[in-house]
Each structure stands twice: as C-alpha cells, then as structure tokens.
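These notes concern the structure reproduced below.
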C-alpha cells in the first residue's frame with residue numbers, strides 16, 4: 001500500500017521570515033480521501049506545494065512512491081479541441097498520437113525505434129482506452145459528451161474546472177491535491193463535483209465547505225495553532241471530537257487553576273511557619289544540647305512541605321500550558337453603517353442590459369431599501385456580478401437611480417488591493433484604525449511591516465478586501481461571493497454580524513445555508 005511520509009518537516013517563508021511548520025510528522029495512505037482544513041494563512045496551500053515538490057522544506061523530508069498532481073494548474077497546449085486538450089493533460093497523449101501518425105506517414109525506418117518507445121508509453125498510459133475513460137468520467141461529472149467536440153476556450157469556467165479535475169484523476173498512479181476546487185462554481189457545479197469526488201479515492205482536498213468535507217472525505221488533516229493532526233472521519237466527526245477535547249481541557253484547566261491556588265496558599269503558609277520556627281530557635285544553647293531541637297525539626301519539615309508544594313505547582317503549571325494550545329479564539333465582528341433619512345437607496349427601473357448577443361436583463365426592476373439583505377442567486381453566467389456592478393455604478397446606466405449622496409462600499413471576488421504594503425495604501429488615519437481593528441478580529445496579521453499583500457494567502461487577501469469594505473463609511477454594502485477561500489470561523493463571524501446588525505446588503509453567494517440564514521429577500525436570476 002503506497003504511503004506519503006512527512007518526517008520532521010520545518011518550513012518558513014523566507015522573504016519576511018514567518019515560521020509556518022515546525023517538526024511536522026505525518027503518514028498518509030494514498031487510498032485515503034483526505035480533507036485539509038485550517039484557518040486562513042495557516043499554510044494549507046503551502047503544505048500541498050511541499051507534498052507536490054514545488055517547494056523544498058527547510059528541514060526534514062517528504063517521501064512518496066506515487067506521483068502527485070496539483071489543482072488548479074494552467075493549460076499550456078497548442079490544441080483547441082476539448083477532447084484533445086483533455087488527452088494532452090492526462091499525459092501528452094495527443095502529442096504522442098501525432099508523433100506516431102507522423103512516423104507511420106513518413107515510413108522512415110530510422111524512426112521505428114522511436115515509434116516503439118512512444119507506443120510503449122502510450123500503452124502504459126492506457127491511451128487506446130482513454131476516450132471511453134473520458135466519457136465515463138464525463139458521465140460521473142454530469143457533463144455532456146457533446147462538449148468534447150467544442151473549442152475548449154468556448155467552455156464556461158465551471159465546465160473547464162470539471163474537465164481539469166477529470167484529467168488529473170485519469171493520470172496514471174496519481175495522488176491528487178485539490179486546492180479549493182469548488183470556488184466560483186454555482187450550486188449545480190458544486191453538486192457535480194461533490195458527487196464525482198464521493199466516487200473517487202486517493203486525494204487531499206482543501207475546502208472550507210463543511211458539506212463537501214462531510215460528503216466526500218474519510219480523514220481530516222487539521223493545521224492547528226501549534227501542530228498538525230490527522231484523524232479518521234469526516235468534518236463533523238472531527239468537529240465533535242475537537243469540541244469534546246476542548247470541553248475536557250477547559251474543565252482540566254479550571255481544576256488545575258484551583259489546585260495551584262490552594263497549593264500556593266499552603267506553600268506560603270508553610271514558609272511563614274518555618275520562618276517563625278527558625279526565629280524561635282535559641283542561638284546560645286550549649287554544643288550538644290537537645291534544647292530547641294523540636295523547633296529545628298518542625299521548621300525543616302515545614303520548609304520541605306513548602307518546597308514539595310512548589311514542585312507540584314510547577315508540575316501543574318506545565319500541565320496547564322499543554323492544555324488548549326490549539327483552542328481558537330474568535331472575536332465578534334461589527335458592521336456599522338450610516339443612518340439615512342429616505343429608506344429607498346437604489347432603484348432600478350426597466351433595465352435591459354447584456355454583452356454582445358447575450359441579454360442578461362430584460363425590463364428588470366429592483367429597489368434596494370434600508371435594512372434589506374438581498375441574496376442574488378443563479379447559475380454562473382446569469383449576471384449576478386454584473387448586477388452588483390450596475391448597483392455600485394461601476395457600470396453606469398440611466399435606469400439605475402440613487403439616493404442623493406449615497407455611499408456604497410463593495411468587496412470584490414478579485415481583491416481591490418493586489419500588491420504593495422498595506423500602510424502605503426492607506427492615507428486616512430481614522431479609516432486605518434477601523435481597518436486594522438477589523439483585520440485583527442478576522443485573524444489577519446497586519447503587523448509585519450515588510451509583508452506585501454501579494455504574499456498573503458488567497459483567503460487572507462479576501463479578508464483584507466472585506467475589511468477594507470467594512471471599514472469604509474457606507475450606507476450600502478455589496479459583497480461578491482464573500483465566502484470564497486474563507487475558513488469556517490469567518491463564515492460564522494460574518495453570519496452572526498449580519499443577523500445582529502442587519503446592514504443594508506446585496507450579496508452573491510453559492511453557499512445555500514449561509515444565504516438562507518442571512519437574507520430577507522432573494523432575487524433569482
């Protein structure tokens with residue numbers, strides 16, 4: 001049975017020296033279906049890249065007797081037909097076919113050895129069965145076979161994502177590393193990936209989607225505050241165990257604190273009595289006299305008891321230090337907005353809008369009123385992000401009317417700040433104070449002065465963008481898929497804040513549970 005073994009692995013980011021992993025040891029069976037979880041910035045993508053060999057550890061090593069394949073990956077091929085693109089991404093199969101055809105056409109005997117070598121490689125990769133294998137995978141992923149004849153560039157983002165995942169699982173002897181594969185997929189696309197992965201094995205899946213982690217994995221790797229652990233079961237099993245351990249450790253911590261307090265009192269009392277006994281000794285008694293010996297013995301006994309108490313206190317303190325070392329503290333998030341006199345903030349009247357030949361909105365009408373939490377739903381390509389741009393004024397239209405002096409804050413799918421140092425991007429001190437306060441609440445370390453934005457993880461960059469929007473003075477907040485790349489703690493923080501503060505909000509989100517919980521209006525596009 002194949003294994004991936006991680007031995008004594010230590011790794012730090014070199015540019016600004018940030019320790020990520022220290023002396024990590026893990027053993028992974030390559031038949032397992034693993035979910036990789038952890039808060040944003042803990043190193044999930046970094047761990048995948050270490051396993052994949054893209055980066056080297058500072059200390060320790062990773063041994064594996066399988067090839068690892070990483071998603072997402074870029075497509076570099078001259079081919080345009082979808083079937084050919086998939087073949088090429090499985091193992092350069094289309095290139096091998098073309099070379100073999102060329103050798104046969106040339107009838108060049110000098111190249112027959114080359115032909116035989118390529119043919120052997122093609123057979124080893126099961127090239128003669130690959131088309132039927134691709135069609136089988138298309139069925140599992142709920143994709144139409146007719147897409148195989150289309151130009152790959154004409155496919156939707158969701159269709160491309162599904163096909164790239166299929167190509168990885170068709171690679172020979174491959175252990176697949178999937179980094180947030182369902183981001184930007186609509187509900188239908190996410191469900192297709194759920195169903196597909198539930199029938200596969202031999203992968204590590206990074207995801208913050210609890211439903212996905214419950215449905216498709218049988219082990220959880222958790223990057224904690226102080227270590228990395230691996231546990232059999234799905235996300236719910238892991239969460240139940242985590243909560244039980246924390247409850248036990250809280251109770252143990254409380255017991256140890258009580259014991260330490262009692263021992264400290266006892267130790268102090270014994271010390272005082274020992275000092276009194278020593279003062280009462282007769283310093284002039286004759287040599288060899290028994291006079292005062294009782295006081296000496298009593299004082300020594302009390303001092304020994306005090307030292308024993310101190311040793312027990314120290315032992316309890318050490319035991320206490322080892323408790324709750326992975327306990328996550330989560331602060332409440334505030335959402336503050338201006339009070340407005342007129343509750344009609346944005347009104348869209350009889351809007352018709354689209355791109356080239358595709359009409360997205362036909363005689364569309366919508367009013368955003370103060371206190372609305374509007375959820376924009378729909379499959380990919382139905383105009384959800386476009387509608388946010390129309391509401392924000394990024395796309396102008398005479399059919400969109402605004403309350404006078406309205407202030408709109410927006411968080412984007414692609415963060416507004418992509419590079420540079422945060423301190424150099426902010427001039428306003430009042431905004432800076434609010435922004436850094438929100439970053440702290442969202443568990444973003446902005447204290448590293450020389451850490452550029454581009455070096456933060458995808459989830460951290462999204463949190464920085466959301467903090468930017470929340471720190472901006474606004475009457476209306478727009479959010480485009482705020483949960484993409486985000487850890488479960490952020491989801492809980494945002495959901496709780498929306499329910500408590502009831503901001504005027506228009507948002508796009510494919511997370512069904514979140515949408516149902518926070519929205520008071522739903523627009524299906």
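Residue numbers (the numbering used here): 1 to 525. The C-beta atom is built at its ideal place from N, Cα and C for all residues, glycine as well. Computed from a predicted structure; not experimentally measured.
Residues near residue 222 by beta carbon distance below 6 angstroms, same chain, minus five either side: Translated into the one-based positions of the chain shown, residue 222 becomes position 222. Closer than 6 angstroms at the Cβ level, and outside the excluded window around residue 222, lie 37, 229.
From 497, 518, 501, 500, residue whose alpha carbon lies closest to that of residue 507: Against the chain shown, residue 507 aligns to sequence position 507. Answer by Cα proximity: 518.
Own chain residues within Cβ distance below 6 angstroms of residue 289, not counting five before or after: Counted from its first residue, the chain shown places residue 289 at position 289. Low local confidence applies: a pLDDT of 49 at residue 289 is under 50, so the model's placement there is unreliable, with the coordinate-based value given in what follows. No residues qualify anywhere along the chain.
Counted within 10 angstroms of its Cβ, other Cβ atoms place residue 314 as buried (16 or more) or exposed: In the chain shown, counting from the first residue as 1, residue 314 sits at position 314. The residue is exposed, with fewer than 16 neighbouring Cβ atoms inside 10 Å.
Straight-line Cα distance separating residue 45 from residue 505: Start at 1 with the first residue of the chain shown, and residue 505 comes out as number 505. Start at 1 with the first residue of the chain shown, and residue 45 comes out as number 45. So the two alpha carbons sit approximately 31 angstroms from each other.
Candidates 200, 468, 240, 31: closest to residue 527 by CA position: A question about residue 527 goes unanswered here, because the residues of the chain that appear run from 1 up to 525.
Burial state of residue 208 (16 or more Cβ within 10 Å): Here residue 208 refers to the residue found at position 208 of the chain shown. The residue in question, residue 208, is buried, as its Cβ has 16 or more Cβ neighbours within 10 Å.
Residue 32 beta carbon less than 8 angstroms from that of residue 215: For the purposes of this step, residue 215 is identified with residue 215 of the chain shown, where counting begins at 1. For the purposes of this step, residue 32 is identified with residue 32 of the chain shown, where counting begins at 1. Not a contact, by the Cβ cut-off of 8 angstroms.
Touch test, the stretch 167 to 175 against the stretch 121 to 132, Cβ-Cβ under 8 angstroms, three pairs minimum: yes
Three-pair Cβ contact test at 8 angstroms for the stretch 176 to 195 versus the stretch 5 to 17: no
Euclidean distance between Cα positions of residue 581 and residue 473: There is simply no residue 581 to check, as the chain begins at 1 and stops at 525 in what is shown.
Neighbour-count burial assignment, residue 465, 16 or more Cβ in a 10 Å radius: In the chain shown, residue 465 corresponds to position 465, counting from 1. Buried is the call here.
DSSP state of residue 469 mapped onto helix, strand, coil: By 1-based counting over the chain shown, the position of residue 469 is 469. The answer is helix: DSSP assigns residue 469 an H, G or I state.
Contacts around residue 30, its chain only, beta-carbon distance under 7 angstroms, and the 5 residues preceding and following it disregarded: Against the chain shown, residue 30 aligns to sequence position 30. Closer than 7 angstroms at the Cβ level, and outside the excluded window around residue 30, lie 2, 3, 4, 66, 175, 202.
Simplified DSSP assignment, three categories, for residue 231: Against the chain shown, residue 231 aligns to sequence position 231. Residue state, collapsed to three classes: strand.
Residue 366 (DSSP reduced to helix, strand or coil): Along the chain shown, one-based indexing puts residue 366 at 366. Looking at residue 366 - three-state DSSP - the assignment turns out to be strand.
Residues of its chain near residue 52, where Cβ-Cβ distance is below 7 angstroms and the 5 sequence neighbours each way are ignored: Within the chain shown, numbered from 1, the residue matching residue 52 stands at position 52. Correct list, in chain order: 68, 70, 177.
Beta-carbon proximity check, residue 368 vs residue 499, cutoff 8 angstroms: Reading the chain shown from its first residue, position 368 is the one you call residue 368. Reading the chain shown from its first residue, position 499 is the one you call residue 499. No, the pair does not count as a contact, with Cβ atoms beyond the cut-off.
Beta-carbon proximity check, residue 41 vs residue 459, cutoff 8 angstroms: Counting from 1 along the chain shown, the entry for residue 41 is found at position 41. Counting from 1 along the chain shown, the entry for residue 459 is found at position 459. Against a cut-off of 8 angstroms, the Cβ pair of residue 459 and residue 41 comes out as a contact.
The stretch 393 to 410 touching the stretch 337 to 351, judged by at least three CB pairs closer than 8 angstroms: yes
Contact check, residue 199 vs residue 140, beta carbons under 8 angstroms: Here residue 199 refers to the residue found at position 199 when the chain shown is read from its first residue. Here residue 140 refers to the residue found at position 140 when the chain shown is read from its first residue. Their beta carbons are under 8 angstroms apart, which means residue 199 touches residue 140 by this criterion.
C-beta contact flag for residue 415 and residue 462 at 8 angstroms: As a working mapping, residue 415 is identified with position 415 in the chain shown. As a working mapping, residue 462 is identified with position 462 in the chain shown. Result yes, Cβ atoms of residue 415 and residue 462 sit closer than 8 angstroms.
For residue 374, the nearest candidate out of 391, 362, 231, 361 (CA to CA): Counting from one through the chain shown, the residue named residue 374 turns up at place 374. The option with the nearest alpha carbon to residue 374 is 391.
Burial state of residue 39, where buried means 16 or more other Cβ atoms lie within 10 Å: Here residue 39 refers to the residue found at position 39 of the chain shown. Residue 39 is buried by the Cβ-count criterion.
Anticipated Cβ contact below 8 angstroms, residue 90 with residue 137, distance rounded: Counting from one through the chain shown, the residue named residue 90 turns up at place 90. Counting from one through the chain shown, the residue named residue 137 turns up at place 137. In fact, because the Cβ distance is near 10 angstroms, the residues do not count as touching under 8 angstroms.
Proximity winner among 182, 60, 63, 312, relative to residue 261 (alpha-carbon distances): Sequence index remark: in the chain shown, residue 261 carries index 261 (1-based). Here the closest residue by C-alpha is 312.
Secondary structure of residue 221, DSSP reduced to three states: For the purposes of this step, residue 221 is identified with residue 221 of the chain shown, where counting begins at 1. Reduced to three states, the DSSP call for residue 221 is strand.
Opposing strand residues paired with residue 506 [DSSP bridges]: Sequence index remark: in the chain shown, residue 506 carries index 506 (1-based). Note: residue 506 sits in a beta bridge opposite 374, 478.
Cβ neighbour criterion (16 or more within 10 Å) applied to residue 267: Reading the chain shown from its first residue, position 267 is the one you call residue 267. The residue is buried, with at least 16 neighbouring Cβ atoms inside 10 Å.
Helix, strand or coil at residue 15 according to DSSP, with G and I counted as helix: Locating residue 15 in the chain shown gives position 15, counting from the first residue. The answer is coil: DSSP assigns residue 15 none of H, G, I, E or B.
Nearest candidate by alpha-carbon position, reference residue 152, set 97, 86, 401: In the chain shown, the residue the question calls residue 152 occupies position 152. Of the listed residues, the one whose Cα sits closest to residue 152 is 86.
Residue 400 burial status per 10 Å Cβ neighbour count (16 or more: buried): As a working mapping, residue 400 is identified with position 400 in the chain shown. Result: buried.
Inter-residue Cα distance where the pair is residue 346 and residue 323: The residue labelled residue 346 in the question sits at position 346 within the chain shown. The residue labelled residue 323 in the question sits at position 323 within the chain shown. Rounded to whole angstroms, residue 346 to residue 323 spans 52 angstroms at the Cα level.
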